[in-house]
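Novice: I have a structure here, written as structure tokens, and I will follow up with some questions on it.
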Amino acid sequence: MKRYLQQLRDRLWHARHGERPRHSIRIGRYAFVLVRDIAEGQLTMRAMSLVYTTLLSIVPLLALAFSVLKAFGARDAIEPLLAQFLAPLGPQAAQLTQQVLEFIEHVKVGVLGFVGVLALLWSALSLIQKVESSFNYVWRIERPRPLAQRLGDYFAVLMVGPLFVFLALGITASIFNSSVIALLGEYEPFGYLIYLLGKLVPYLLIIGLFTFVYSFVPNTRVKPLAALVGGTFAGVLWQTGSVVFASFVAGATNYNAIYSSFAILIFLLIWIYVGWMILLLGCQLAFYVQHPEHLKPRRMPPLLSGRQMEYLALMIMGVSGRRFAAGEPGYTQEELALELGAEPEHVARVVEQLIYKGLLIESGRTRTLLTPAIDLDAVPLARLWALSRTGDGLPLSSDPLAIAARKLLDEAEADFAERHAGTSVKGWLKSQSRN
Numbered sequence: 055m056k057r058y059l060q061q062l063r064d065r066l067w068h069a070r071h072g073e074r075p076r077h078s079i080r081i082g083r084y085a086f087v088l089v090r091d092i093a094e095g096q097l098t099m100r101a102m103s104l105v106y107t108t109l110l111s112i113v114p115l116l117a118l119a120f121s122v123l124k125a126f127g128a129r130d131a132i133e134p135l136l137a138q139f140l141a142p143l144g145p146q147a148a149q150l151t152q153q154v155l156e157f158i159e160h161v162k163v164g165v166l167g168f169v170g171v172l173a174l175l176w177s178a179l180s181l182i183q184k185v186e187s188s189f190n191y192v193w194r195i196e197r198p199r200p201l202a203q204r205l206g207d208y209f210a211v212l213m214v215g216p217l218f219v220f221l222a223l224g225i226t227a228s229i230f231n232s233s234v235i236a237l238l239g240e241y242e243p244f245g246y247l248i249y250l251l252g253k254l255v256p257y258l259l260i261i262g263l264f265t266f267v268y269s270f271v272p273n274t275r276v277k278p279l280a281a282l283v284g285g286t287f288a289g290v291l292w293q294t295g296s297v298v299f300a301s302f303v304a305g306a307t308n309y310n311a312i313y314s315s316f317a318i319l320i321f322l323l324i325w326i327y328v329g330w331m332i333l334l335l336g337c338q339l340a341f342y343v344q345h346p347e348h349l350k351p352r353r354m355p356p357l358l359s360g361r362q363m364e365y366l367a368l369m370i371m372g373v374s375g376r377r378f379a380a381g382e383p384g385y386t387q388e389e390l391a392l393e394l395g396a397e398p399e400h401v402a403r404v405v406e407q408l409i410y411k412g413l414l415i416e417s418g419r420t421r422t423l424l425t426p427a428i429d430l431d432a433v434p435l436a437r438l439w440a441l442s443r444t445g446d447g448l449p450l451s452s453d454p455l456a457i458a459a460r461k462l463l464d465e466a467e468a469d470f471a472e473r474h475a476g477t478s479v480k481g482w483l484k485s486q487s488r489n
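Heads up, the sequence shown is in this note's numbering, so the first residue is 55 and it goes up one at a time.
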């Protein structure tokens, strides 16, 4: 098996020097990395975690959506949404939909008390937070949004999301039920085109929803094309998967015979898991479309060496300071990785260290632009170099050999400090600009 995998890698990636890969090779690379990411297990583990969180959060989320829609006089709009989501479960989907709606109807927020309301909100917000965490993992982002921004964005999704979904469905239904469309349907080829459009509308709605999610949720700037490609892939896969899963449920008579009334619960868990896997795969594809440089046979980059750590710390502070001095907006972590030709995971680790040490700060409306936190003229070059080396400090040991090893490192840092005494980061940048 390993021999065949290696042959496949060689065929997909070992092209001739300067030769542009064919479209079939590029599509094969996308398919290979997606299958590889599934096989590595991180996506499946996160999908299973989201299944558990969904079971805890589904009723609070629907209760909040129900409250928002009820305030706008659309309290019955949540039923078709829930019914459409549960449709792949077969004939029992209608019964399950009614049971969930009855449960939501009996949720009385007024008797929960302050702690109960907080628990309800936490259950609803935890699902969005876990989705963001999974998307950030896909996009190789280690730092989430600041807490205040996250809470604001999450509440915006909870309050505005159901309303927009309801409006999209309402507008679509109004258009197809209008007298003009009915009149056009009597004439060919308009009748066939309207019928075909009616079949495509569910795909278009789910593609639009997924595209918005891929654009909004990750803590980075997602290009519209990448979000659209990922949304189209996931939307088509979702709609097609729902039809296939419905056929599977209808033919799974053995499960119904063995598990009886519990079979619907098992099918529900499987469908939720499949749905989250589709969502994560679409997000993964959007990442690779925006960053084709990550289309590599292996996902994990090599370990960051001490020399690379020092180099990246100097370069990140240098290019960030140079851009700040020019009055230009700061780099994002992704832009830094592209600018320096470094692995995003390596850049993220060094940026985290520089932010923790108070040398960099996140700015901008989305808190993703990196700018110097202090005057670079007040940062000695030796201090920056030492900070990039020290990290969280050295292990404490009373062994004489450990004492001697620390002494060697101290001597190396003292020698660097002596040779660059009086040189600040700003002075170093000026000297390089003169050269």
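Note that the Cβ used here is the ideal one computed from N, Cα and C, for glycine as well.
Under a three-way DSSP split, which group does G72 fall into?
Specialist: Residue confidence is low: G72 scores 49 on pLDDT, short of 50, so the model does not pin down where it sits. Its coordinate-derived value is still stated next. Of the three classes helix, strand and coil, the one that applies to G72 here is coil, per DSSP.
Novice: Taking A436 as the reference, give the member of F270, V297, A101 and E465 with the closest Cα.
Specialist: Minimum Cα distance to A436 is reached at E465.
Novice: Go to T286, then tell me how far its beta strand (DSSP E) extends in each direction, as first and last residue.
Specialist: It is not in any beta strand (DSSP E) - T286 instead sits in the alpha helix (DSSP H) that spans P278 to G305.
Novice: Just how far apart, CA to CA, sit Q407 and L462?
Specialist: Their Cα atoms are separated by approximately 23 Å.
Novice: At what residues does the beta strand (DSSP E) containing L424 begin and finish?
Specialist: L424 -> beta strand (DSSP E) spans L423 to P426.
Novice: When you compare the CB positions of H289 and I261, do they come within less than 8 Å of one another, or not?
Specialist: First, the amino acid is wrong: residue 289 is Gly here, not His. Contact: yes.
Novice: Going by DSSP, which residues form a beta bridge with I415?
Specialist: T425.
Novice: On the DSSP letters alone, give me the boundaries of the alpha helix (DSSP H) that P454 sits inside.
Specialist: It spans P454 to R473 - the alpha helix (DSSP H) in which P454 sits, taken as one unbroken run.
Novice: Give the straight-line distance between the Cα atoms of L423 and R473, rounded to the nearest whole angstrom.
Specialist: Roughly 33 Å separates the two Cα atoms.
Novice: Apart from the five residues on each side of it in sequence, which residues of its chain come closer than 7 Å, Cβ to Cβ, to S111?
Specialist: Correct list, in chain order: S177, A178, S180 and L181.
Novice: Helix or strand or just coil, what does DSSP make of S359?
Specialist: Looking at S359 - three-state DSSP - the assignment turns out to be coil, as it is neither helix nor strand.
Novice: What does the alpha-carbon distance come out to for the pair A148 and L66?
Specialist: Approximately 47 Å, taken between the alpha carbons.
Novice: Output yes or no for whether 8 Å exceeds the beta carbon distance between F264 and G336.
Specialist: In this structure, G336 lies closer than 8 Å to F264 by Cβ.
Novice: Let me make sure I understand the geometry here. Which of L282, I370 and V276 has the alpha-carbon closest to that of Y257?
Specialist: Checking every option, the nearest Cα to that of Y257 belongs to L282.
Novice: Starting from the Cα of L333, find the closest Cα among D469, V185 and V401 and give me that residue.
Specialist: Nearest of D469, V185 and V401 to L333, Cα basis: V185.
Novice: Take L441 as the anchor and find which of L366, F378 and L392 has the nearest alpha-carbon.
Specialist: For L441, the nearest C-alpha among the options comes from L366.
Novice: I need the DSSP call for W67, collapsed to helix, strand or coil.
Specialist: W67 falls in the helix class under three-state DSSP.
Novice: So, is V578 buried or exposed, given that buried needs 16 or more other C-beta atoms within 10 angstroms?
Specialist: A query on residue 578 cannot be resolved here, the shown segment of the chain reaching from 55 to 489 and no further.
Novice: With a threshold of 6 Å on Cβ separation, who are the neighbours of M369 within its own chain once the five nearest residues in sequence on each side are excluded?
Specialist: Result list for M369: L394, in chain order.
Novice: To which residues of the same chain is S485 closer than 6 Å at the C-beta, ignoring the five residues directly before and after it?
Specialist: Cβ neighbours of S485 beyond the five flanking positions: none.
Novice: How many angstroms separate the CA atom of P272 from the CA atom of L97?
Specialist: Answer to the nearest angstrom: the Cα atoms are 16 Å apart.
Novice: Would DSSP call P383 helix, strand or coil?
Specialist: Three-state DSSP puts P383 in coil, outside helix and strand.
Novice: Would you check if the distance between the CB atom of Y342 and the CB atom of V87 is smaller than 8 Å?
Specialist: It is a contact, given that the beta carbons lie within the stated cut-off.
Novice: Comparing alpha-carbon positions, which option in A471, P454, W439 and L319 lies nearest Q153?
Specialist: It is L319 whose Cα lies nearest to the Cα of Q153.
Novice: Excluding sequence positions up to five away, which residues of its chain have a Cβ less than 6 Å from the Cβ of H77?
Specialist: Excluding residues within five positions, none has a Cβ falling inside 6 Å.
Novice: Identify, in the order they occur along the chain, each residue of the same chain with its Cβ nearer than 7 Å to the Cβ of A427, setting aside the five sequence neighbours on each side.
Specialist: Once the five neighbours on either side are set aside, the close Cβ partners of A427 are G412, L413, L414 and I415.
Novice: Comparing C-alpha positions only, which one of W193, I79, Q138 and A432 sits nearest to G375?
Specialist: Nearest of W193, I79, Q138 and A432 to G375, Cα basis: A432.
Novice: Assign P434 to one of three DSSP states: helix, strand, or coil.
Specialist: DSSP places P434 in strand when its eight states are reduced to three.
Novice: Please classify F189: is it buried, with 16 or more other beta-carbons within 10 angstroms of its beta-carbon, or exposed?
Specialist: Classification for F189: buried.
Novice: Should Q344 and A391 be called a contact, given that it needs their Cβ atoms to be closer than 8 Å?
Specialist: Their beta carbons are not under 8 Å apart, which means Q344 does not touch A391 by this criterion.
Novice: Could you name the residues of the same chain whose beta carbon sits closer than 7 Å to that of A101, not counting the 5 residues immediately before and after it, in chain order?
Specialist: So the list reads Y327, W330, M331 and L334, once near-sequence residues are dropped.
Novice: Considering only the beta carbon of each residue, do L136 and L143 sit closer than 8 Å?
Specialist: The answer is no: Cβ separation not under 8 Å.
Novice: Quick check on S478: buried or exposed, where buried means 16 or more other Cβ atoms within 10 Å of its Cβ?
Specialist: The residue is buried, with at least 16 neighbouring Cβ atoms inside 10 Å.
Novice: Can you list, in chain order, the residues of its chain whose CB lies under 8 Å from that of F287, leaving out five sequence neighbours each side?
Specialist: Only L335, G336 and L339 meet the Cβ criterion.
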